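Protein sequence lines correspond, in order, to chains V and H. Under the working numbering, the first residue of the first sequence is numbered 1, with each subsequent residue one higher. Under the working numbering, the first residue of the second sequence is numbered 373, with each subsequent residue one higher. Ideal Cβ positions, reconstructed from N, Cα and C, are used throughout, including at glycine. Note that the structure is predicted; figures quoted are calculated from it, not measured.
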Amino acid sequence: MLDNGRISSVQLLMLLFTIEVVTASLYVPPRYAQLAGPGSWIAGSIIPAFYGLLVIAVVLALARRFPSQAFTDYLPEILGKIPGKLLAAAYALMFVHFGSVILNEGSSLIRITIFTQTPGVVLDVVWVVLAVYGAYLGIEVIARENQLVLPFYLFSLVVILGLAAHYIDFNNLRPVFESGLLPMARAGFIASAWRGELFLLLMLYPYLNQKHEDVKTLLLLAGFTLVASAAILLVILGVFGDLVMAHLIFPYFILAQYISLFNFIERLETLVIIIWVGGVAIKLAVFIHSSAIAAAGALGLKSYRVTLLPIAVIVVILSRVLYDTFLKLFDFLIYTWPTYAAIVELVIPALVLLIAVIRSKGGGRLENRSDS
Amino acid sequence: MAMFHWLLNLFGRNRQASGPLKKPYPVEPEQEDRLLSKKLDDNKQVLGEIFDHCEDLVTREIRIGKQGSTRALAVFFDPLVNHEALEESVTEPLQTIQAPTSGITMEWLMEEAVPNARVLMYNRWVDVAGEITKGLVALFVDGQDRALLLTAKEDIDRPVMMPQTESVARGSLDAFNENGRLNLALVRKRLHTTRLAVESIDIGEIGKTRIYIVYLKGIVYEGLVEEIKARLSRIRIDGIMASGQIEEMIQDAPYSPISGIGTTERPDRVVSALLQGKAALIFDGTPFSLIIPSTLATDMQSPEDYYHRYWFSTFMRLIRWGAFLIALLAPAFYVAVTTFHQDLIPTDFLMSILASRNGVPFPGMVEAIIMVLAFEVLQEAGIRLPKPFGQTIGVVGAILIGQVAVSAGLVSPVVVVTISLTAIASYTISSLGLSTGIRALRIFFIIAAGIMGLFGVMVMFTMVTFQACALRSFGIPYLAPFAPLSLGDLKDTFVRVPIWAMKMRPRLQGYVEPVKQDDNKPKPPKPRE
Chain V
1 MLDNGRISSV QLLMLLFTIE VVTASLYVPP RYAQLAGPGS WIAGSIIPAF
51 YGLLVIAVVL ALARRFPSQA FTDYLPEILG KIPGKLLAAA YALMFVHFGS
101 VILNEGSSLI RITIFTQTPG VVLDVVWVVL AVYGAYLGIE VIARENQLVL
151 PFYLFSLVVI LGLAAHYIDF NNLRPVFESG LLPMARAGFI ASAWRGELFL
201 LLMLYPYLNQ KHEDVKTLLL LAGFTLVASA AILLVILGVF GDLVMAHLIF
251 PYFILAQYIS LFNFIERLET LVIIIWVGGV AIKLAVFIHS SAIAAAGALG
301 LKSYRVTLLP IAVIVVILSR VLYDTFLKLF DFLIYTWPTY AAIVELVIPA
351 LVLLIAVIRS KGGGRLENRS DS
Chain H
373 MAMFHWLLNL FGRNRQASGP LKKPYPVEPE QEDRLLSKKL DDNKQVLGEI
423 FDHCEDLVTR EIRIGKQGST RALAVFFDPL VNHEALEESV TEPLQTIQAP
473 TSGITMEWLM EEAVPNARVL MYNRWVDVAG EITKGLVALF VDGQDRALLL
523 TAKEDIDRPV MMPQTESVAR GSLDAFNENG RLNLALVRKR LHTTRLAVES
573 IDIGEIGKTR IYIVYLKGIV YEGLVEEIKA RLSRIRIDGI MASGQIEEMI
623 QDAPYSPISG IGTTERPDRV VSALLQGKAA LIFDGTPFSL IIPSTLATDM
673 QSPEDYYHRY WFSTFMRLIR WGAFLIALLA PAFYVAVTTF HQDLIPTDFL
723 MSILASRNGV PFPGMVEAII MVLAFEVLQE AGIRLPKPFG QTIGVVGAIL
773 IGQVAVSAGL VSPVVVVTIS LTAIASYTIS SLGLSTGIRA LRIFFIIAAG
823 IMGLFGVMVM FTMVTFQACA LRSFGIPYLA PFAPLSLGDL KDTFVRVPIW
873 AMKMRPRLQG YVEPVKQDDN KPKPPKPRE
């Protein structure tokens with residue numbers, strides 16, 4: 001393995017939670033409201049939860065066959081040398097692209113809300129330097145950093161949702177199935193793209209040091225993300241109602257802004273921004289790390305660190321070229337991203353798993369592999 | 373930081389040290405492989421060669437026994453030897469004793485003639501000369517090819533005094549000083565057990581400073597002592613003056629602002645660290661011992677926390693963590709808010725800030741940096757200044773910074789408040805290493821805030837925490853038990869639970885013998901009525 005870090009199952013749980021939740025709540029909830037109306041909190045939390053379980057099943061079945069290797073490292077074994085390497089390279093590029101989307105999500109919020117005059121590329125570069133530093137230090141350090149940041153995120157979540165709960169009008173939550181089931185499913189499909197990001201487990205599984213706890217960890221993860229996303233959407237929807245929510249840009253951010261108690265507890269959106277910096281940096285660091293591992297594996301390099309610099313440059317360039325305006329990003333996130341994500345997160349791993357089963361590749365048995 | 377190795381290579385900083393550390397001096401004891409001769413005169417001649425140009429060396433000829441038949445020579449360094457003790461324990465007994473008729477042997481001398489408690493006997497010049505330089509008295513006897521080394525040391529050390537940098541209101545009040553033997557005694561005094569292991573190593577090719585590695589057998593975690601010994605024995609240097617030099621040479625990350633090694637002059641702190649499964653280095657020549665490893669959590673602890681009521685200690689811990697954040701972030705926060713996020717300030721207060729900043733020629737960042745640097749200058753001057761001038765600096769500093777700078781319109785009062793708060797807050801941190809690290813980082817945070825506001829502060833903070841997360845000290849992550857999280861060990865971080873509730877040692881260091889105590893929760897007897 002190129003990175004010989006070790007992460008515990010708690011760290012894995014926290015890392016995947018950050019990856020799935022921190023950015024998901026900020027961008028697309030308006031689209032849920034447009035599609036599913038008052039039922040959008042169900043669409044945005046429960047439907048993706050099922051999708052998440054599906055991804056967990058596929059990813060885990062695949063990862064357990066090759067417990068000490070990263071996804072891109074065992075692809076050649078399953079698919080044959082050339083197709084495997086090609087798919088691994090494709091995944092490396094895909095991680096880079098994911099990275100650029102995350103980076104752009106990060107800088108767009110800052111640019112739209114506080115630094116309206118700052119060129120996006122400046123924010124992008126700062127963030128990418130941060131993430132590359134994290135990726136350079138290795139997965140273990142990213143996981144630890146996340147253990148520092150996530151409690152703050154949860155704290156801010158509880159504070160913001162708790163204080164905003166005061167404004168909830170429960171009439172906003174009815175009628176739940178106003179829009180019909182199909183629009184809800186479409187909204188759920190969009191939300192699923194974020195939930196499915198736990199497919200990153202394919203790249204993180206070899207670092208897990210308590211592999212016997214993997215099922216428990218991932219089920220807990222599914223539960224926590226379900227609760228967190230349901231709570232966020234419920235409060236946003238309850239406070240604003242689906243009509244307002246459908247027209248907000250960053251409903252969670254606006255929610256924090258909306259809170260004002262005793263003329264003293266206000267401007268809580270600062271908390272959102274502060275956590276945002278750390279959360280995006282960690283998420284980006286994980287993706288850059290995975291992309292570096294994948295690239296180094298596909299190219300047969302001895303160290304993944306040499307690939308970090310080119311990856312960082314490409315991430316920034318892609319972020320600037322593909323999503324130079326916020327509308328392009330939003331358009332991508334609600335129209336292209338769900339299908340694209342479903343293919344790379346679920347369909348391709350499922351096909352690979354199928355091939356692996358047919359060709360009976362991989363150790364498979366949990367007892368037979370080395371945990372060290 | 374390892375990223376920049378190639379850069380350092382470019383400048384030739386990483387060159388391997390080549391060649392011996394010192395040129396072979398003709399009569400340096402290390403190069404000496406001669407043995408002592410039976411003839412006193414020969415020995416005398418060799419002494420003259422070895423201790424060439426050492427005018428403080430005294431060679432005193434005596435005759436052993438009342439008859440005065442055997443010649444002997446007492447050799448010692450005058451400044452290191454107490455003359456009264458020497459007379460009492462060496463010269464007088466030797467001159468008055470009745471020598472046996474069978475002739476004088478070294479064994480007889482050792483067993484019957486010399487009343488000293490600790491006597492060494494050597495026959496190689498290396499050892500003899502080495503011990504003489506340490507302050508022992510060498511006794512050469514005619515017809516014997518061995519020398520006795522006797523202790524008659526002059527007391528040139530301070531007595532045990534109060535701690536200078538880590539004072540407490542409740543708890544023991546003795547501190548280490550410059551005498552390694554005494555430092556060791558202060559630890560032994562608190563741990564009456566054979567499990568207290570003491571190993572020593574001499575560091576410095578010329579200076580040969582003695583360092584004691586102290587740990588508790590069966591409690592210290594695996595591999596720690598071996599690793600410390602390996603790192604210490606790698607050091608080849610001419611001499612060391614203080615523990616800080618060793619700290620820099622054995623820390624895990626050479627470029628990190630925080631070393632992961634604790635410094636203390638309090639024996640009780642060393643003892644509690646030993647009980648947690650750590651090791652300590654106790655030095656001859658400096659009162660500051662090293663505790664290995666140390667983490668952020670232990671850097672934030674004060675020994676006093678365990679001596680006060682736990683409610684109060686928890687409160688103080690929380691205050692201290694708050695002060696830690698203030699010391700690190702307050703100036704940066706001030707700069708960020710006044711420069712970028714004026715909307716975060718309530719309007720009325722913003723008005724008064726603006727009014728007070730009216731006419732200040734600098735932007736917020738420069739203003740804050742000036743004040744921080746002015747404070748650092750004051751602090752540095754306060755330490756360096758000869759004692760009698762101490763008051764002057766206080767008065768001048770207070771007037772200069774508190775009053776005149778504001779009324780002259782150089783800085784605004786708000787920044788003075790911020791920096792003063794920062795300065796005071798930084799004194800709540802009991803660890804010197806951590807507080808100096810914070811002082812250095814503070815400036816970077818201010819610059820980050822001046823460039824990108826709160827976003828910059830957070831970016832900087834993430835950068836610093838990334839680095840801190842990567843930092844390990846002798847196998848223990850610096851941010852344990854926060855990252856990696858171990859819930860059980862949080863009992864002694866932000867809060868300090870009652871002593872009886874700390875049943876287990878810290879998981880990462882104390883796993884060899886995890887249980888620290890039985891259930892000691894006080895259970896009062898049932899009232900009879």
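Within the chosen definition, does the segment 289 to 297 of chain V reach the segment 152 to 163 of chain V through at least 3 CB pairs nearer than 8 Å? no
Output yes or no for whether 8 Å exceeds the beta carbon distance between V:Phe287 and V:Leu202. no
Inspect the beta-carbon positions of V:His166 and V:Leu318 and report whether they are closer than 8 Å. no
Going by C-alpha distance, which of V:Ser360, V:Ser192, V:Arg31 is nearest V:Asn222? Note that residue 222 of chain V is Ala in the sequence shown here, rather than Asn. Answer by Cα proximity: V:Ser192.
Of all the alpha helix (DSSP H) runs that stay within the bounds of the segment 183 to 213 of chain V, which reach a length of 4 or more residues? 201 to 204
At what residues does the alpha helix (DSSP H) containing V:Glu105 begin and finish? 81 to 113
Evaluate the contact criterion for the segment 653 to 668 of chain H versus the segment 772 to 790 of chain H: three or more CB pairs, one atom per stretch, below 8 Å. no
Excluding the 5 residues preceding and the 5 following V:Glu367 in the sequence, name in chain order all residues of the same chain whose CB lies nearer than 6 Å to its CB. Note that V:Glu367 has pLDDT 46, beneath the 50 cutoff, so the model's placement of it is unreliable and the number below is only indicative. Counting only Cβ-Cβ distances below 6 Å, and skipping sequence neighbours, we find nothing.
Any idea which residues DSSP pairs H:Ser574 with across the strands? First, the residue type needs correcting, since residue 574 of chain H is Asp and not Ser in the sequence shown. H:Arg582, per the DSSP bridge assignment.
Beta-bridge partners of H:Glu433, as assigned by DSSP: H:Leu445
Below-8 Å beta-carbon distance, V:Arg267 vs any chain H residue: yes
Buried or exposed for V:Tyr133, going by 16 or more other Cβ atoms inside 10 Å? buried
In its own chain, which residues sit with a C-beta less than 6 Å from the C-beta of V:Asp3, not counting the 5 before and 5 after it? Gly138, Ile139
Within 10 angstroms of its Cβ, does H:Met672 collect 16 or more other Cβ (buried), or is it exposed? buried
Let me know the beta strand (DSSP E) ranges lying completely inside the segment 477 to 561 of chain H, each 3 residues or longer, listed in chain order. 491 to 494, 508 to 513, 519 to 523
Using a C-beta cutoff of 8 Å, does V:Val10 count as contacting chain H? yes
Chain V within 8 Å of H:Thr865, Cβ atoms only: no
Could you please give the first and the last residue of the uninterrupted beta strand (DSSP E) stretch that includes H:Ser661? 661 to 664
Name, in chain order, the residues that DSSP records as bridge partners for H:Ser845. H:Ile848
Close Cβ partners of H:Thr865 (< 7 Å) along its chain, the five nearest in sequence each way excluded: Ala669, Pro853
Helix, strand or coil for H:Leu690, going by three-state DSSP, please let me know. helix
Can you tell me whether H:Leu602 is buried or exposed, with buried defined as 16 or more other CB within 10 angstroms of its CB? Correcting the residue type first, residue 602 of chain H is Ala in the shown sequence and not Leu. So H:Ala602 ends up on the exposed side.
Can you tell me which of the three DSSP states V:Ile265 falls into? strand
Using the Cα positions of H:Thr463 and H:Lys411, report the straight-line distance between them to the nearest angstrom. 21 Å
For V:Pro349, collect the residues of the same chain with a Cβ closer than 7 Å to its Cβ; drop the 5 residues on either side in sequence, then sort them by chain order. Val58, Val59, Leu62, Phe199, Leu202
Counting only C-beta atoms, is H:Leu862 closer than 8 Å to chain V at any point? no
Looking at C-alpha atoms only, which residue of V:Thr23, V:Val101, V:Gly362 is the closest neighbour of V:Lys328? V:Val101
Look up H:Gly805 in the DSSP assignment and say whether it is helix, strand or coil. helix
For H:Arg729, which residues of its own chain have a beta-carbon under 6 Å away from its beta-carbon, when the five flanking residues on both sides are left out? Ser784
Roughly how many whole angstroms lie between the Cα atoms of V:Leu322 and V:Ile249? 20 Å
Taking C-beta to C-beta, are H:Gly579 and H:Asp656 nearer than 8 Å? no
As a quick exercise: from H:Leu466, H:Glu526, H:Arg530, H:Gly595, pick the residue whose alpha carbon is nearest that of H:Pro451. H:Glu526
Chain H contact residues for V:Ala281, given Cβ-Cβ distances below 7 Å: Thr834
So which residues of chain V does H:Pro849 contact, with C-beta pairs closer than 8 Å? Arg144
According to DSSP, is V:Val176 part of a helix, a strand, or is it coil? coil
Give the DSSP-derived three-state secondary structure of H:Ile796 in the structure shown. helix
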